[in-house]
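Novice: Protein chains in written order, with this note's numbering: chain A, 1 to 241; chain B, 242 to 1028.
Pasting a structure here, questions to come.
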Amino acid sequence: MARDITEPEVVFRTEGVTKVYDTGEVKVYALAGVDLELRESELTVLLGASGSGKSTLLNILGGLDHATSGRVWFKQLELTKMNDRALTRFRRDYVGFIFQFYNLVASLSARENVALVTDIAPDPMPAEEALEIVGLGHRMDHFPAEMSGGEQQRVAIARAIAKRPQVLLCDEPTGALDSKTGVQVLEALDRINREFGTTTAVITHAAEIRKMAHRVIRFQDGKIASTEFNETRLHPHEIDW
Amino acid sequence: MRALEKKLFRDFLRLWAQGLAIALVLACGVSIFLMSFGMFTALTDTRAAYYERNRFADVFATLRRAPKSLAPQIAAIEGVFAIETRVTGSAILDLPGKLQGAVGQFISVPVSGEPHLNVPLLRSGRYPDPQASGEVMVNEPFAQANGYVPGDVIHANLNGSLRPLTITGTALSPEFIYTIGPGDMMPDNEGFGILWMSEPALAAAFDMAGAFNDVGLQLTRGANVDQVLDALDDLLDPYGAQGAHDRAMQQSNAFIDGELKQLQSMAYVLPPVFFGITVFLVNMVIGRIVALERSEIGLLKALGYSDMEISLHYLALAGLIALVGVAAGFAVGTWLSRALAVLYAGFFNFPYLIFSVSADVYIISGALGLGTAMAGAIRSALSAARLPPAVAMSPPAPPNYKHSLFDRFLTLLRLTQPTMMILRNIARWPLRAGLTALGIALAVAVLVASSFFEDALGEMIETSFYKSNRQDAMLILTREVPESAIEEIRRLPGVLQVEGVQFHGAVLKNGHREKRVAIEGRPEMADLARIVGDKGQVVAAPKNGILLSERLAWQLDVGPGDLLEVEFLTGLRETHQIPVAGVITSYIGLAAYMEIGALDALMRRSARLGMANLSLDEAQKDEFHAEVKNLPGLAGTVMLGDTLASFEETIEQNITISTIIYMAVAVLITVGVTYNSARIQLSERARDLASLRILGFTRSEVSYILIGETALLALLAQPLGWLLGAGLATAMVAGFESDLYSIPLVLNRGTFAWSSVVVLIAAAVSALLVRRRLDNLNLIEVMKTRE
Chain A
1 MARDITEPEV VFRTEGVTKV YDTGEVKVYA LAGVDLELRE SELTVLLGAS GSGKSTLLNI
61 LGGLDHATSG RVWFKQLELT KMNDRALTRF RRDYVGFIFQ FYNLVASLSA RENVALVTDI
121 APDPMPAEEA LEIVGLGHRM DHFPAEMSGG EQQRVAIARA IAKRPQVLLC DEPTGALDSK
181 TGVQVLEALD RINREFGTTT AVITHAAEIR KMAHRVIRFQ DGKIASTEFN ETRLHPHEID
241 W
Chain B
242 MRALEKKLFR DFLRLWAQGL AIALVLACGV SIFLMSFGMF TALTDTRAAY YERNRFADVF
302 ATLRRAPKSL APQIAAIEGV FAIETRVTGS AILDLPGKLQ GAVGQFISVP VSGEPHLNVP
362 LLRSGRYPDP QASGEVMVNE PFAQANGYVP GDVIHANLNG SLRPLTITGT ALSPEFIYTI
422 GPGDMMPDNE GFGILWMSEP ALAAAFDMAG AFNDVGLQLT RGANVDQVLD ALDDLLDPYG
482 AQGAHDRAMQ QSNAFIDGEL KQLQSMAYVL PPVFFGITVF LVNMVIGRIV ALERSEIGLL
542 KALGYSDMEI SLHYLALAGL IALVGVAAGF AVGTWLSRAL AVLYAGFFNF PYLIFSVSAD
602 VYIISGALGL GTAMAGAIRS ALSAARLPPA VAMSPPAPPN YKHSLFDRFL TLLRLTQPTM
662 MILRNIARWP LRAGLTALGI ALAVAVLVAS SFFEDALGEM IETSFYKSNR QDAMLILTRE
722 VPESAIEEIR RLPGVLQVEG VQFHGAVLKN GHREKRVAIE GRPEMADLAR IVGDKGQVVA
782 APKNGILLSE RLAWQLDVGP GDLLEVEFLT GLRETHQIPV AGVITSYIGL AAYMEIGALD
842 ALMRRSARLG MANLSLDEAQ KDEFHAEVKN LPGLAGTVML GDTLASFEET IEQNITISTI
902 IYMAVAVLIT VGVTYNSARI QLSERARDLA SLRILGFTRS EVSYILIGET ALLALLAQPL
962 GWLLGAGLAT AMVAGFESDL YSIPLVLNRG TFAWSSVVVL IAAAVSALLV RRRLDNLNLI
1022 EVMKTRE
């Protein structure tokens, strides 16, 4: 198939990626041969039941985990050939992560949690600016314990975008939040995707969220079950779940 | 400051109580190392410099009387670099305004001026005029203790006449860094002085014109000391020599050696204990923090922090704790060094104080402290680095509890669930439980090993003063006199009872083993100075044999019935074969006893005595002292009551100080171990405990689970602590034992009980501090936290 030259550049590409957890007694295939492409500036939603392999794939894409077999590229870089040191470098320079449980450092304020990233990234935006983007300009000096769940997750987003990452990988960013707070978080992600063109992958259990994505990938038993494209994307505030 | 560094400091502040508990244990190690090693170096350097500058002799010999013409022959011995012959002697001093006489040790100063060897260091005034007969220079401590300045006049009973002596100056000498009078147990600067006097004047007083009775040699580098000693003995034997010796047997030097040995063993024994406990505690605490911050570690890795940065982060946390510990250790160590220097100043007479601890000792002890904390943290720091980020982000698997034989045994006991939880937890982490118990046991051991001292010294005093030496005074004579002198002494005012004693320098030989000692001759059933056996029974001085102290018998490898070759250095200087009559316990010196008449028989002479033991009428003591001062032929007096009082006073002070220090040390160890162990258990089990509370367990029931394990370990640690303490005490007794004195191993039940009570109270307080945290636990919050 000839590539359409108007299509955006491929950011992530995988070929036959498997991930096997060997517990000694049984072998669990978390990923059983995944081929996929994520393109520049796209917002992709990954759907699927628990254990279908979404998080494992996201971890491998983000350089947090190694594939058992298969190959993974980030643009021209082949991640599956990199050692831990190079993967650390890769994460530091290109990837922003957002997790379900925020994972803020309790002993650091919002601003300082973001500074964790700006301290080591090559071309970061000021921590204050990142917090403004997620609408937390007025809560910068609060500690995680002094913030609501939605606010904490937005700090996590600010932390992820502060390094101006090329990709944003979000593992159930709204999983621990009610839908109203969840919308605020999705709005922040949507805005970053639109304004900065950051390639974004979002894992979620909430199927309605797919409506804000360019591309929706469904996972089942460690494989991609289906891929679909949205002609029109909804704004997060139009989504209810 | 980078955000990760801020996290570091906030974590450190949050952990302040645990960190402080560890830092204080580390501080103990650092300060004791700093003090003992620092003082060891300072004392060694000071002494070496002093010896070098003031030409302390390498070889010493005393004799009865030899012509000065012998000196060139001595100087010709191979290996001799310099020689100095002197006249020495002792006499009773009559100090103005003092009833009781003092003892003066006189040393000649050559006519040419300054001596070649053992050069006194002038502190004030001037040397005595070689032409003047009534001038002396005295040792500075004696002058200070009695308030003398140059120009003051004292009197000495020289050759039977009381002569006025003008003090021309004060001095210190490398020969008398530790100055102890004959028969004394402690330095008594007021009652014992060194007096330098011009040689012609002193020779006239002691009837030594053209002769000498003391010689010191300085050897060339690399000289064979033993050959020089043998050659010197050969030359001096005909002149009543007592046998030449090197620095090791020079009294002042030997005492400093003893002190150095103590400092060294202190530096080697105690700090490693504290460092070991610190390693354990740091390991426990950092290990727990790494476990708690598992997801944060995963996050940092996801953010792109390298393994090295993460390892360093946790190492730095341990480093901060170490920094506090080292700083506190420096402060306390410096203070302790100063305190010890003050103590030494009262004991040792050095002209200059190089008593400051040198910078490199600070560097070494600081590095040791930091290294200790790093050693404790490295395992956890590396495990944090090795944690794969994807694994770190997911919660840890629950701890692996398995059904074991021990478990089945527990089930049989039908224990309550909380008790099961306690016991299973110990079984689950046996190493940690074992090390916790060991840490507490070490605290007990430190107390046992320090407080046994008081009992041991009590036993020493009881045996030496109340059972053995019951005399009130000892009169030391300048030379042996016929037994009839006893009658003269008995006529002195206040004297109730008199017993004569003689001393003979002799070399005891068994095969290749030999030892130079003083054999003491006593009346068979002496009533004042008694020989006491190990069970407290009075032992008769043997008529047909010799009685040896345990250490001496051990050194010579002889037992009762064995024949000993005794080479007398006195009288006819004959060698006799004498059977060992028995072995007795003695804490002071290397004792060897025979019946006084048997000694006279061996010497083929009529009965004589060299010293008299007296009991006195308390009411007539003043008259006694006044009379004794004028007694001719007296080299010194020792009042045992004074000796005992000063001994007890010194001990009392030292024991009080050391009891407080060791108690603080034991409490710090206990708090460091129990507080941290309970805090970590609280952290590990907060969810379990909160669940139990939600299920309806009361606060005290839940506390029982938390405190129970610590309490059980603390109790189990007690017998182990007693055992370790007894071992430590035995090692200390062995370490202190020397030819000068030995300390009995006395371990009372009270010592063990006291040690356990102190440690258990400290453990209980630390556990209760943690319990308060448990009481304040927010149940909902705990249940919501994701492990």
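Glycine included, C-beta positions come from ideal geometry on N, C-alpha and C.
Remember, predicted model here, so these are calculated numbers, not experimental data.
Any idea if Gly610 (chain B) is buried or exposed, counting beta-carbon neighbours within 10 angstroms, 16 or more meaning buried?
Specialist: buried
Novice: Leaving out five residues on either side along the sequence, give the residues of the same chain with a beta carbon under 7 Å from the beta carbon of Ala316 (chain B).
Specialist: Ile324
Novice: For Thr816 (chain B), count neighbouring Cβ atoms within 10 angstroms of its own Cβ and tell me buried if that reaches 16, exposed if not.
Specialist: exposed
Novice: Return the residue from the list B:Ser941, B:Asp775, B:Ser439 that minimises the CA-CA distance to Phe367 (chain B).
Specialist: The question names Phe, but residue 367 (chain B) in the sequence shown is Arg. Checking every option, the nearest Cα to that of Arg367 (chain B) belongs to B:Ser439.
Novice: Strictly under 8 Å for the Cβ-Cβ distance: is Val18 (chain A) near chain B by that measure?
Specialist: Reading the sequence as shown, one finds Thr at residue 18 (chain A) and not Val. With 8 Å as the cut-off, Thr18 (chain A) does not count as an interface residue toward chain B.
Novice: Going by the DSSP bridge assignment, what does Val739 (chain B) pair with across the sheet?
Specialist: B:Leu855
Novice: Go through its chain and collect everything with a Cβ distance to Gly51 (chain A)'s Cβ below 8 Å, but skip five positions before and after it.
Specialist: Ala30
Novice: Anything in chain C within Cβ reach of Asp119 (chain A), meaning under 8 Å, just list it in chain order.
Specialist: Among the protein chains in the structure shown, which are A and B, there is no chain C.
Novice: Quick one: what does DSSP say Ser402 (chain B) is sitting in, helix, strand or coil?
Specialist: Ser402 (chain B) sits in a strand when the DSSP states are folded into three classes.
Novice: Alpha carbon to alpha carbon, how far is Ala2 (chain A) from Glu9 (chain A)?
Specialist: For Ala2 (chain A), the predicted model reports a pLDDT of 45, less than 50, meaning its position is unreliable and no value from the coordinates is stated.
Novice: Got a sec? Which residues, its chain only, sit under 7 Å from Gln894 (chain B) by beta carbon, not counting five neighbours each side?
Specialist: Counting only Cβ-Cβ distances below 7 Å, and skipping sequence neighbours, we find nothing.
Novice: Is there contact between the segment 17 to 32 of chain A and the segment 177 to 195 of chain A, where contact requires at least three CB pairs shorter than 8 Å?
Specialist: Too few Cβ pairs lie closer than 8 Å, so no.
Novice: Contact between the segment 432 to 452 of chain B and the segment 367 to 380 of chain B is defined here as three or more beta-carbon pairs at a separation below 8 Å; is this criterion met?
Specialist: Three or more beta-carbon pairs drawn from the segment 432 to 452 of chain B and the segment 367 to 380 of chain B are found closer than 8 Å, and the two stretches are therefore classed as touching.
Novice: Using a cut-off of 8 Å between C-beta atoms, extract the partners of Glu537 (chain B) located in chain A.
Specialist: Result: Asn103, Val105.
Novice: Using 8 Å as the threshold, is the C-beta distance between Leu749 (chain B) and Val824 (chain B) below it?
Specialist: no
Novice: Mind checking Asp601 (chain B): buried by the 16 CB within 10 Å criterion, or exposed?
Specialist: Asp601 (chain B) comes out exposed.
Novice: Answer with yes or no whether the minimum CB distance from Pro629 (chain B) to chain A is below 8 Å.
Specialist: yes
Novice: Among the residues of its own chain, which have a CB less than 7 Å from the CB of Val685 (chain B), if the five just before and after it don't count?
Specialist: Ala958, Gln959, Gly962, Trp963, Gly966, Ser996, Ser997, Val1000
Novice: Please report the distance separating the alpha-carbon of Ser310 (chain B) from that of Val469 (chain B).
Specialist: 19 Å
Novice: Bridge partners for Leu718 (chain B) per DSSP, in chain order?
Specialist: B:Leu875
Novice: Out of curiosity, what's the CA-to-CA distance linking Glu765 (chain B) and Ser599 (chain B)?
Specialist: 56 Å
Novice: Could you check if Glu729 (chain B) is buried or exposed, using at least 16 other CB atoms within 10 Å of its CB as the buried criterion?
Specialist: By the Cβ neighbour-count rule, Glu729 (chain B) is exposed, with fewer than 16 other Cβ atoms within 10 Å of its own.
Novice: Specify, as a first and last residue, the run of the alpha helix (DSSP H) that Asp553 (chain B) falls within.
Specialist: In the sequence under discussion, the amino acid at residue 553 (chain B) is Leu, which differs from the Asp named in the question. Segment 548 to 588, the alpha helix (DSSP H) holding Leu553 (chain B).
Novice: Do Ala633 (chain B) and Arg529 (chain B) come within 8 Å of each other at the CB atom, strictly closer than that value?
Specialist: no
Novice: Does chain B have any CB closer than 8 Å to the CB of Thr44 (chain A)?
Specialist: no
Novice: Does the Cβ of Leu1009 (chain B) have 16 or more other Cβ atoms within 10 Å, making it buried, or fewer, making it exposed?
Specialist: exposed
Novice: Within the chosen definition, does the segment 833 to 846 of chain B reach the segment 787 to 798 of chain B through at least 3 CB pairs nearer than 8 Å?
Specialist: yes
Novice: Just tell me which of B:Asp252, B:Thr992, B:Ala952 has its CA closest to the CA of Ile562 (chain B).
Specialist: B:Asp252
Novice: Which runs of the alpha helix (DSSP H) spanning at least 4 residues fall entirely within the segment 123 to 206 of chain A, listed in chain order?
Specialist: 127 to 133, 149 to 161, 179 to 196
Novice: Give me the residue from B:Leu254, B:His554, B:Ser331, B:Ile702 with the minimum Cα distance to Tyr828 (chain B).
Specialist: B:Ile702
Novice: For a contact meaning CB atoms closer than 8 Å, what does Leu544 (chain B) contact in chain A?
Specialist: Listed along chain A, the residues sitting closer than 8 Å to Leu544 (chain B) by beta-carbon distance are Arg91, Arg92, Phe97, Leu116, Val117, Ile120, Arg159.
Novice: When the Cα of Ala482 (chain B) is compared with those of B:Ser402, B:Arg296, B:Arg306, which residue comes out closest?
Specialist: B:Arg306
Novice: Among B:Ala972, B:Glu950, B:Val914, B:Ala1003, whose alpha-carbon lies nearest the alpha-carbon of Ala262 (chain B)?
Specialist: B:Val914
Novice: At a CB-CB cut-off below 7 Å, which residues of chain B make contact with Gly48 (chain A)?
Specialist: Result: empty, since nearest Cβ-Cβ is about 18 Å, beyond 7 Å.
Novice: So what does DSSP say about Arg3 (chain A), is it helix, strand or coil?
Specialist: Per-residue confidence for Arg3 (chain A) stands at a pLDDT of 45, beneath the threshold of 50, marking its modelled position as unreliable; the derived number appears in the next sentence. Note: Arg3 (chain A) maps to coil in three-state DSSP.
Novice: Hey, is Asp22 (chain A)'s beta-carbon within less than 8 Å of any beta-carbon in chain B?
Specialist: no
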